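So the structure is just underneath, and the comments pick up after that.
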Amino acid sequence: MPEDSVDHIDFESLNNTALSQPLVRHIFTADPSAHYFDGKIYIYPSHDIDAGEAFDDLGSHFAMEDYHVISMDSIEGDAIDNGVALHINDVPWAERQMWAPDANKKDGKYYLFFPAKDYNGIFRIGVAVSKSPVGPFKAQANPIKGSFSIDPAVFKDEDDNYYMYFGGLWGGQLQRWQLGKFNAEQAESPTAFIPSDDKPALRPYVAKMRHDLLEFSEKPKELQILDECGNLLLAGDNKRRFFEASWMHKHNGKYYFSYSTGDTHYICYAIGDNPYGPFTYSGIILNPVVGWTSHHSVCKIDNKTYLFYHDSSLSKGITHLRCIKFAELEYREDGTIVTLDPYPNI
Ligand code: FUB
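Whatever position you read off the sequence shown (first residue = 1), add 1359 for the numbering used here.
In structure tokens, the structure reads:
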């Protein structure tokens, strides 16, 4: 549900009957990337604050400064805030806006992947390393070479290769990279350089990670998301085309690439046969939530699959003050996912 409709919402009844409740209430959290490491659940969210920035379509009001890791001993257990895991002041290359992060584990070390704007106002993606899943993390001196835009999601395949999926439109700047370098023209316009409705939609990117997970091992490639006829989704197909919030998970040997449609507020998914795709659009995972953004992750825990997501219900509809939640996901026999309604009784 976009922000302009929140005036009419009875938040008491919406919150009481929602599909799920906020995992933590003492801070605002968003963009939950959940992982199951060593029998425990770790959630890597954005830490939302009100920094006093006015709302705009470039997302200037998302002015986050640090990350906290939330952990749970089990899916029924308490959600524990483990304090500041990484602060922007400790990232040499980053100036502002720590947006949606992800994390992964390799050889006993934990890697936090995060986007932030550098001192030229360009989103890059950085890595920070820790011996503990909850940090504190030590940032690399520079962002990943060749990285751009936002919303990294790092997927570990069964053959131990790791892939980063990333990209986001409007304030996420993906549209400014179509010629292979940052286009700084019309800096105040979120929609400049977005293709016209009859052209293929902008696509997210994927790159295999180097063995140390600190750099890409290849030039990022664009992902293809196809419709039922095998054609690329068009830019005007805004209820299905990619906007931001990439995630990858595997189910019964198939690769599920999921994402947010941004201005139409759906979490959708597309299925493929390998980490690079192509992927065929297959449906909606989550209907629109309260707040402008929608963002998610999918995590398998003890033979069940959970969707971690956020909405702005805790702040009664303030777009940049969100709260993380989770709900169980169900697959049908044919591998399609049953759509979740975040407010089934409204
Ligand atoms: O949290 C800031 C941005 O909002 C994220 O990077 C997007 O995915 C959206 O959730």
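From the three backbone atoms N, C-alpha and C, an ideal C-beta is built for every residue, glycine too.
In this text, all values refer to a predicted model and were calculated from it rather than measured experimentally.
Residue j beta carbon less than 7 Å from that of residue i
i: residue 1692; j: residue 1663; result: no
i: residue 1496; j: residue 1444; result: yes
i: residue 1476; j: residue 1456; result: yes
i: residue 1383; j: residue 1438; result: yes
i: residue 1675; j: residue 1370; result: yes
i: residue 1528; j: residue 1560; result: no
i: residue 1401; j: residue 1430; result: yes
i: residue 1668; j: residue 1655; result: yes
i: residue 1474; j: residue 1509; result: yes
i: residue 1403; j: residue 1462; result: yes
i: residue 1614; j: residue 1642; result: no
i: residue 1680; j: residue 1530; result: no
i: residue 1550; j: residue 1585; result: no
i: residue 1469; j: residue 1492; result: yes
i: residue 1616; j: residue 1607; result: yes
i: residue 1502; j: residue 1472; result: no
i: residue 1446; j: residue 1425; result: yes
i: residue 1626; j: residue 1645; result: yes
i: residue 1450; j: residue 1441; result: no
i: residue 1580; j: residue 1565; result: yes
Residue i - partner residues in DSSP beta bridges
i: residue 1702; result: For residue 1702, which the question treats as bridged, DSSP gives no partner whatsoever.
i: residue 1383; result: Answer by DSSP bridge pairing: none, since residue 1383 is not bridged.
i: residue 1631; result: 1614
i: residue 1606; result: 1617
i: residue 1488; result: 1470 and 1497
i: residue 1688; result: 1664
i: residue 1513; result: 1523
i: residue 1394; result: 1401
i: residue 1558; result: Bridge partners of residue 1558: none, in fact.
i: residue 1585; result: 1591 and 1639
i: residue 1626; result: 1619 and 1645
i: residue 1575; result: 1568
i: residue 1683; result: 1669
Under the three-state DSSP convention, the category residue i falls into
i: residue 1621; result: helix
i: residue 1544; result: coil
i: residue 1746; result: Only positions 1360 to 1705 of the chain appear in this structure, which leaves residue 1746 out of reach.
i: residue 1479; result: coil
i: residue 1535; result: helix
i: residue 1694; result: coil
i: residue 1442; result: strand
i: residue 1434; result: coil
i: residue 1367; result: helix
i: residue 1553; result: coil
i: residue 1670; result: strand
i: residue 1677; result: coil
Buried/exposed call for residue i, threshold 16 Cβ in 10 Å
i: residue 1618; result: buried
i: residue 1682; result: buried
i: residue 1672; result: buried
i: residue 1598; result: exposed
i: residue 1569; result: exposed
i: residue 1517; result: exposed
i: residue 1396; result: exposed
i: residue 1388; result: buried
i: residue 1588; result: exposed
i: residue 1703; result: exposed
i: residue 1620; result: buried
i: residue 1695; result: exposed
i: residue 1697; result: exposed
i: residue 1653; result: buried
i: residue 1420; result: buried
i: residue 1367; result: exposed
Opening and closing residue of the alpha helix (DSSP H) in which residue i lies
i: residue 1373; result: 1370-1376
Limits of the unbroken beta strand (DSSP E) element including residue i
i: residue 1654; result: Unbroken run through residue 1654: none, as it is neither H nor E.
i: residue 1579; result: Per DSSP, residue 1579 belongs to no beta strand (DSSP E) and is neither H nor E.
i: residue 1406; result: 1399-1407
i: residue 1431; result: 1425-1431
i: residue 1566; result: 1564-1567
i: residue 1504; result: Taken as a continuous stretch (DSSP letters only), residue 1504 belongs to no beta strand (DSSP E), as it is neither H nor E.
i: residue 1463; result: 1461-1465
i: residue 1454; result: 1453-1455
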